[in-house]
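Heads up: the structure comes next, in structure tokens.
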Amino acid sequence: MSGLHAIYAFASLAAPSLIHWGLRYGYNWRDFFRSFALFSFMIVAFLIYVMVRFSKRDLAMPFAESTKGNYNVDSKTSIGLVCIIVAFYVCAEISIATRITQLLTSEHSMPLSEATGYVTYFFLLLFVGRMFFTFVSFPNISSSRLLMISHAISILCLLGGLFIQPWLLVFCGLTMAPCYALNMDYIAHVYKSESPKVMAQAMSFTSLVVVLFHYLLGVLTDYSSVGKALLVSPILLVICFCALFLFDKKFVIKGE
293 MSGLHAIYAF ASLAAPSLIH WGLRYGYNWR DFFRSFALFS FMIVAFLIYV MVRFSKRDLA
353 MPFAESTKGN YNVDSKTSIG LVCIIVAFYV CAEISIATRI TQLLTSEHSM PLSEATGYVT
413 YFFLLLFVGR MFFTFVSFPN ISSSRLLMIS HAISILCLLG GLFIQPWLLV FCGLTMAPCY
473 ALNMDYIAHV YKSESPKVMA QAMSFTSLVV VLFHYLLGVL TDYSSVGKAL LVSPILLVIC
533 FCALFLFDKK FVIKGE
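What follows is the structure, given as structure tokens:
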């Protein structure tokens with residue numbers, strides 16, 4: 293799962309680098325978008341072929357018959373907590389990716405060319421971290437415990453980057469790297485055969501929250517500053533941490 297999401301980080305790192313290289317050698321940015329669009333259509337066509345070709349085969353990884361493991365997750369409250377854990381983490385991650393350049397140019401008087409480098413380094417560390425967790429596992433530490441550790445360190449990096457040294461924001465790419473894959477693994481572990489439905493609900497809720505979060509950041513930036521607006525991000529991670537802690541305490545079945 294980490295390897296799959298490492299592709300997102302790699303694409304986020306490669307796309308601006310390719311466009312920068314093309315513009316440097318005289319290519320039009322519209323030509324790049326046309327080329328990427330054509331390549332994307334080719335991938336879609338290939339995926340449609342694969343879906344039709346193998347539609348009668350069940351290639352999905354089987355889940356256990358039970359819909360719950362050592363967790364009592366029959367209530368809607370548990371799904372609500374899972375949705376919050378996933379959505380709020382995603383908002384915290386994209387806040388850095390989309391606002392760090394604005395923060396550095398507006399509040400630290402950094403040249404745009406230098407500020408965009410911070411975004412590149414953020415996605416580079418995100419890619420490196422996800423590739424690391426693709427090949428290295430920690431079987432003696434649960435997914436929820438790893439998530440809480442990751443959120444705690446990310447909160448420190450966020451606060452340090454906002455109040456001490458902006459470079460610390462870049463290291464959030466490393467501390468946040470395993471979170472998305474761990475969230476999906478946690479859902480699969482807890483909900484077993486019900487996990488596809490829970491993941492779909494979490495993704496739908498995340499899409500809505502991301503839209504509202506972007507609007508909130510814009511409003512807060514207009515009324516105060518981008519630095520103060522970004523203080524929402526560590527607050528969201530604190531909520532994620534508390535929700536994870538509450539989930540394990542409230543829904544784990546003791547003695548199993």
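Take 293 as the starting number for the sequence shown in the numbering used here and just add one per residue. Beta carbons are placed, not taken as given, at the ideal position from N, Cα and C, and that holds for glycine.
G421 vs G465 beta-carbon contact at 8 angstroms: yes
Spatial neighbours of V382 in its chain, beta-carbon cut-off 7 angstroms, leaving aside the 5 residues before and after: T498 and V502
Quick check on this structure: which residue in Y478, P470 and V524 has the alpha carbon closest to the alpha carbon of T426? P470
CB of D477 within 8 angstroms of CB of S442, strictly: no
Can you give the Cα-Cα distance for T549 and A535, rounded to whole angstroms? The requested residue 549 does not occur in the structure, where the chain is confined to residues 293 to 548.
Inter-residue spacing [alpha-carbon to alpha-carbon] between I433 and M343: 36 angstroms
Assigned secondary structure, Q493 (DSSP; H/G/I helix, E/B strand, else coil): helix
Where do the ends of the alpha helix (DSSP H) carrying F419 lie? L404 to F427
Limits of the unbroken alpha helix (DSSP H) element including S442: S435 to F455
Can you grab the Cα-Cα spacing for the pair S517 / F324, in whole Å? 34 angstroms
Proximity to G372 [Cα-Cα], best of I386, F424 and A492: A492
Rounding to the nearest angstrom, what Cα-Cα distance links P458 and F430 in this structure? 30 angstroms
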